[in-house]
Amino acid sequence: MLMQGKQGLICGVANKRSIAHAIAKSLHREGAKLAFTYQGERLKKNVEEIASELGSSLLYNCDVSKDEDIKKLFEDVKKDMPYLDFLVHAIAFANKEDLEKNFHTTTRDGFKLAHDISAYSLIGMAREAMPLMQEKGGAIVTLTYYGSEKVVPGYNVMGVAKASLEASVRYLAADLGASNIRVNAISAGPINTLAARGISGFTKILEITPQKAPLRRNVEVDEVGDAGLFMCSPWSRGITGEVLYVDCGYNIVGM
Ligand code: 0WD
Numbered sequence: 189m190l191m192q193g194k195q196g197l198i199c200g201v202a203n204k205r206s207i208a209h210a211i212a213k214s215l216h217r218e219g220a221k222l223a224f225t226y227q228g229e230r231l232k233k234n235v236e237e238i239a240s241e242l243g244s245s246l247l248y249n250c251d252v253s254k255d256e257d258i259k260k261l262f263e264d265v266k267k268d269m270p271y272l273d274f275l276v277h278a279i280a281f282a283n284k285e286d287l288e289k290n291f292h293t294t295t296r297d298g299f300k301l302a303h304d305i306s307a308y309s310l311i312g313m314a315r316e317a318m319p320l321m322q323e324k325g326g327a328i329v330t331l332t333y334y335g336s337e338k339v340v341p342g343y344n345v346m347g348v349a350k351a352s353l354e355a356s357v358r359y360l361a362a363d364l365g366a367s368n369i370r371v372n373a374i375s376a377g378p379i380n381t382l383a384a385r386g387i388s389g390f391t392k393i394l395e396i397t398p399q400k401a402p403l404r405r406n407v408e409v410d411e412v413g414d415a416g417l418f419m420c421s422p423w424s425r426g427i428t429g430e431v432l433y434v435d436c437g438y439n440i441v442g443m
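Going by the numbering used here, the letters in the sequence shown line up with residues 189 to 443, in that order.
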C-alpha cells in the first residue's frame, strides 16, 4: 500500500486500453485515491465506468485546448481535494492527415494544434496544479515517445511536439523543484490504444520493435502503469526532470 493516504488526478483516459487507465489501476492497487478528467460528453461514460471500478466518483470535464477549462478544473478539484499528491498527464492529439502525409506538408495550424494539446497543456496544467501541491510536495508525470528523438515514419509532427513536451518537463522541473514538485516523463514503447491507431504505420512499429528491443517483445500497458505508479510515488522522490524509458530497451539499440 505504497500510495495509502495519497490522492491525485488522472487526465487522458479515453477507454480501458488507455495508458492513463493502466497507471490509474496501479495507483489504485497501492491504495491511492483518484479523480479523473474526461474530454467532453463523448468520453464521459467510458471514464465514469473506469472511475467507478477504481472506487472513484470524482469526474471533471476538461478540454485542455481551453484555458478556462484548465482553470475551472483545478478550482473544482480544490473543492473535492484540498491538495494533490500527483497529476498524471496522458494527453496528445494531432490531425490525422499530419500523421499520414509527409512531414514537410505539415500546416501551420496542424503544427500549432499538436503542440497546443500535446505539449502546452502540460505547462497550463502544472501551473494550475501548483497551488494544490505546494504545501506537501507533489509529482507530475507525462507520457512521451521515442519519435521525439529519432525519426519514426508516420509519427511526424507528434514527434516534434513530444520533443517540446520533454523540454517542457525539464524547464518545469527546474521551476517547480523549489516547491518540492517533481516533473517527469515516461517514454513508453508502442501500445495499441485509440491514439496509437491514428498513426499510419503503427502496426509496422508494433512488428519491428520486438525484432530490435533487447527484451525481444513489445511493452505491456501494465508495465507502463507500474512505471507511472513509481514516478508518482515516494520511491522516485529523488528523480525530477527525467525521461524514463519503459520500452523493453528499444531506445538503447543502435542497429
Ligand atoms: O503507443 C502508444 N500508445 C504511446 C502513447 C507510446 C508512447 C506515448 N504515448 C502517449 C500518447 O502520446 C499520449 O500522450 O501516451 C499518452 C496517452 O495516450 P494513449 O493512452 O496511447 O491514447 P488514448 O487512450 O487515446 O488517450 C489519449 C487521450 C485522448 O483520447 P482520444 O483518442 O479520444 O483523442 O488524450 C485525451 C483524450 O482523452 N485528449 C484530450 N484530453 C483533453 N483535452 C484532448 C483535449 N483537447 N485531446 C486528446
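A virtual CB, placed ideally from N, CA and C, is assigned to each residue, including glycine.
Bear in mind that the values here come from a model prediction, so they are computed numbers and not experimental data.
**Q.** A317, enclosing beta strand (DSSP E) - first and last residue
**A.** Per DSSP, A317 belongs to no beta strand (DSSP E); it is in the alpha helix (DSSP H), 309-321.
S214: first and last residue of the uninterrupted alpha helix (DSSP H) it sits in:
Annotation: the continuous alpha helix (DSSP H) that includes S214 extends over 207-217.
Paired residues, beta bridge with V276 - DSSP
I198, V329
### DSSP-derived helix/strand/coil call for K392
K392 falls in the helix class under three-state DSSP.
Which residues DSSP lists as bridging S375, in chain order = T332, Y433
Open item on the list: If contacts are defined as beta-carbon pairs under 8 angstroms, then S367 and L190 qualify, I think. What distance do you get, rounded to the angstrom?
Closed with: 23 angstroms between Cβ atoms; not a contact.
Sufficient close CB pairs (3 or more, under 8 angstroms) joining the region 264-284 to the region 294-303 = yes
- Task: Within 10 angstroms of the Cβ of S206, are there 16 or more other Cβ atoms? Answer buried if so, exposed if not.
- Result: Taking a 10 Å sphere around the C-beta of S206, we find 16 or more other C-beta atoms and assign the residue as buried.
Practice problem: My understanding is that P434 touches T332, with C-beta atoms under 8 angstroms, so please give their C-beta distance in whole angstroms. | Solution: In the sequence as displayed, the identity of residue 434 is Val instead of Pro. Not a contact, Cβ separation roughly 11 angstroms.
Are three or more beta carbon pairs between the region 224-231 and the region 245-256 nearer than 8 angstroms?
yes
Is the Cβ-Cβ distance between A401 and Y438 less than 7 angstroms? Here A401 is near Y438, since their CB atoms are less than 7 angstroms apart.
query = For the candidate residues E354, A362, G365, H292, whose alpha-carbon lies nearest to that of I374?
reply = E354
Quick check: the Cα distance between R358 and S244, rounded to an integer number of angstroms?
31 angstroms
Length of the line joining the Cα atoms of V339 and N380 | Approximately 20 angstroms, taken between the alpha carbons.
*Could you name the residues of the same chain whose beta carbon sits closer than 7 angstroms to that of H292, not counting the 5 residues immediately before and after it, in chain order?*
none
Note to self: Please give me, in chain order, every unbroken run of the beta strand (DSSP E) with length at least 3 that falls completely inside the region 231-283.
What the structure shows: 247-249, 274-277
Thinking L275 and G196 are a contact (beta carbons under 8 angstroms), I'd like their distance in whole angstroms, please.
-> 6 angstroms
**Study point:** Sequence-distant residues of its chain with Cβ nearer than 8 angstroms to D457 (five each side left out)
**Key:** Since the first residue of the chain shown is 189 and the last is 443, residue 457 is not available in this structure.
Checklist entry - Between E218, H209, V371, which lies nearest to E236 when the distance is taken from Cα to Cα? => result H209
* Give a yes or no on whether 7 angstroms exceeds the smallest Cβ distance from K300 to chain D. => Checking the listed chains, one finds no chain D in this structure; it contains a single protein chain.
> Name the DSSP beta bridge partners of Y438, please?
Replying inline: None, per the DSSP bridge assignment.
So, under 8 angstroms CB-CB, I311 and L360 are touching, yes? Tell me the CB distance rounded to an integer number of Å. 7 angstroms
| task | Below 8 angstroms on the Cβ atoms is my guess for K324 versus D273; work out the distance and round it to an integer in Å. | result | Between K324 and D273 a beta carbon distance of about 7 angstroms is seen, short of the 8 angstroms cut, so the two are scored as contacting.
Where I369 sits in the DSSP three-state scheme: Strand, per DSSP.
Kindly indicate which three-state DSSP category T428 falls into: helix, strand or coil?
If DSSP states are grouped into helix, strand and coil, T428 belongs with coil.
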